[in-house]
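Before any comments, here is the structure.
What follows is the structure, given as structure tokens:
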């Protein structure tokens, strides 16, 4: 399967590798003629020598595994604590560390965002704002001074 940034198709790669191996031409010259980096052609030649024509096929650049992905039970704890206790990301991070689960505070924040519960108002089932402004009370005139500058 081709992609937009592919310099050549596997057949084109095969032609360039053949020029280098069968034609005896320098890799730098063949790469310059094709308009690709010398290091790219060197990589293709090495793959061809090691794997044959199959080594010139497209390869995914996605990692084979994600070792830093958090376990499902940790994600369930984050979701449950946020919904049940309305704890902040910092508090959830602290509780996870206390239980022996190690992840960054930023990871907890990102997962709260992905779950759609990063803001407190997202947790209220009625959709109303659950943060209300407190009433300002003073003991005597002039006790509180508010200025706009």
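Residue numbers (my numbering): 4 to 152. Every residue gets a Cβ at the ideal spot worked out from N, C-alpha and C, and that includes glycine.
Residues near residue i in its chain [Cβ-Cβ closer than 7 Å; skip 5 each side]
i, result
"residue 93", "108"
"residue 96", "108, 111"
Beta-carbon spacing of residue i, residue j below 9 Å
i, j, result
"residue 81", "residue 115", "yes"
"residue 34", "residue 21", "no"
"residue 31", "residue 41", "yes"
"residue 37", "residue 59", "no"
"residue 17", "residue 56", "yes"
Beta-carbon proximity list for residue i, same chain, < 8 Å, skipping 5 on both sides
i, result
"residue 3", "For residue 3 there is no data in the structure shown, the boundaries of the chain being 4 and 152."
"residue 90", "84, 98"
"residue 65", "none"
Collapsed DSSP secondary structure at residue i in the structure displayed
i, result
"residue 48", "helix"
"residue 94", "helix"
"residue 152", "coil"
"residue 81", "helix"
"residue 100", "helix"
Contact set for residue i: own chain, Cβ-Cβ below 6 Å, skip 5 residues either direction
i, result
"residue 29", "none"
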